[in-house]
Each structure stands twice: as structure tokens, then as C-alpha cells.
Amino acid sequence: MLAGALAAVTVVLGAQPVAAEDDANFKSSARLYDTYCAQCHGVNRNGKGVNTGGLSVQPRDHADPVGMASLPRDEIVRAIRDGGAAVNKSALMPPWSSVFTEEQIQKMADYLGHVCKCTKPN
Ligand code: HEC
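Heads up: take any position in the sequence shown, counting from 1, add 355, and you land on our numbering.
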């Protein structure tokens with residue numbers, strides 16, 4: 356009985372999105388991510404958002420340290436600001452320059468480095 360209850364608690368905690376961001380530096384970016392990015396990139400930042408069923412190109416897994424480390428920061432910033440097409444990727448990745456300030460874009464790039472726990476080349 357108790358074991359069952361504990362298992363249920365573990366399952367619920369395990370399903371918690373990365374969105375519960377403890378680091379104060381990243382709180383605002385995490386909130387923006389939940390609002391604008393999670394539908395495609397997933398609440399768990401793994402590229403498996405609820406809105407990916409119809410997409411011919413799947414969103415990037417932002418939690419993947421190897422895949423994300425292969426992207427220079429400059430490309431990540433440009434993809435966020437100007438959209439996938441601007442970095443020769445899929446136009447299904449929308450541009451955010453009319454939604455975010457330049458500072459929010461830079462902070463989002465920092466946040467993605469935090470999510471993948473990887474250091475990106477400059
Ligand atoms: C409508 C769905 C959608 C939304 C919303 C979306 N993305 Fe994407 N994103 C994609 C797709 C699809 C790709 C993969 C493009 C490719 O590999 O050709 C992608 C790729 C990326 C990449 C990798 C670009 C590269 O050079 O490989 C980054 C970084 C990114 N998205 C960040 C974000 C951020 C930050 C947000 C929220 C502000 C966001 N995306 C919102 C669909 C989306």
C-alpha cells in the first residue's frame with residue numbers, strides 16, 4: 356500500500372517538466388519557452404511537443420548534449436531570431452524577432468545551453 360503510494364509519487368515527479376526551473380537566471384527564459392516553444396520542442400525540451408504530429412521535420416531535441424553541442428551559439432541565436440530558414444534548416448521553425456527582444460533571444464540561447472548541459476563552440 357505504502358509502496359504503491361510512493362511509486363505513484365515517483366511517477367508524478369518523474370513526469371515533471373524541466374520547466375520547473377530553480378536557477379533564477381533562467382526562470383524568465385523557461386517561462387517563455389513554455390509559452391512559445393514547448394508546443395513543438397516539448398515540455399521536457401526533448402523535441403516531442405504536442406504539436407509535432409503533422410510536422411514533416413521534427414523539432415530539435417534541446418536536451419540532447421551531443422546534438423546541441425554541434426550547433427554554434429551564433430546559429431542557435433539566428434535560428435531563434437530569424438527562423439529555421441535563415442540557417443538553412445526547416446522553415447517550420449518560426450522566427451521570433453517580432454515576439455522577443457534581442458536580450459530575450461540571447462538569454463534563450465544561454466538557457467538552451469543550460470538545458471542541454473553542453474558547452475557550445477562560439
Ligand atoms: C511550430 C513548431 C516550432 C516552434 C513553436 C518552435 N520551434 Fe524550434 N524548431 C522547430 C523545428 C521543426 C526545428 C528543426 C528544424 C530543422 O532541423 O530543419 C526547430 C529547430 C530549432 C533549433 C535548432 C536550429 C538548428 O540550427 O538546428 C533551435 C535552437 C530552436 N528550434 C529553438 C526554438 C525556440 C527557442 C523556440 C521558442 C521561442 C522554438 N524553437 C519554437 C519547430 C518549432
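The beta-carbon is built from N, C-alpha and C at its ideal position, and this holds for glycine as well.
Considering Cα atoms alone, identify which of M463, R400 and V454 is closest to D429. On the sequence shown, position 74 is the one that residue 429 refers to. Residue M463 is the option with its Cα nearest to D429.
When burial is assigned at 16 or more other CB atoms within 10 Å of the CB, is T365 buried or exposed? Walking along the sequence shown from the start, residue 365 turns up at place 10. Residue placement at T365 cannot be trusted, given a pLDDT of 47 that sits under 50; what the coordinates show is reported in the next sentence. So T365 ends up on the exposed side.
Out of M423, S453 and A446, state which residue places its alpha-carbon closest to the alpha-carbon of Y466. One-based indexing of the sequence shown puts residue 466 at position 111. Cα-wise, what sits closest to Y466 is M423.
Check whether the Cβ atoms of D416 and G439 sit closer than 9 Å, and answer yes or no. Mapped onto the sequence shown, residue 416 falls at position 61. Mapped onto the sequence shown, residue 439 falls at position 84. Contact: no.
Straight-line CA distance for V432 to S411? Counted from its first residue, the sequence shown places residue 432 at position 77. Counted from its first residue, the sequence shown places residue 411 at position 56. If I take the Cα positions, the gap works out to 23 Å.
Taking C-alpha atoms, which residue in R400, R386, C473 and Q413 lies nearest to A446? Mapped onto the sequence shown, residue 446 falls at position 91. Nearest option by C-alpha distance: Q413.
Return yes when at least one heavy atom of the ligand HEC lies under 8 Å from the C-beta of N406, else no. Here the question's residue 406 lines up with position 51 in the sequence shown. Yes, the beta carbon of N406 sits closer than 8 Å to at least one heavy atom of the ligand HEC.
List the endpoints of the continuous alpha helix (DSSP H) containing H469. Indexing the sequence shown from 1 puts residue 469 at position 114. H469 -> alpha helix (DSSP H) spans E457 to C471.
Is E457 near the ligand HEC, going by C-beta to nearest heavy atom under 8 Å? The residue labelled residue 457 in the question sits at position 102 within the sequence shown. Flag unset: Cβ of E457 not near the ligand HEC.
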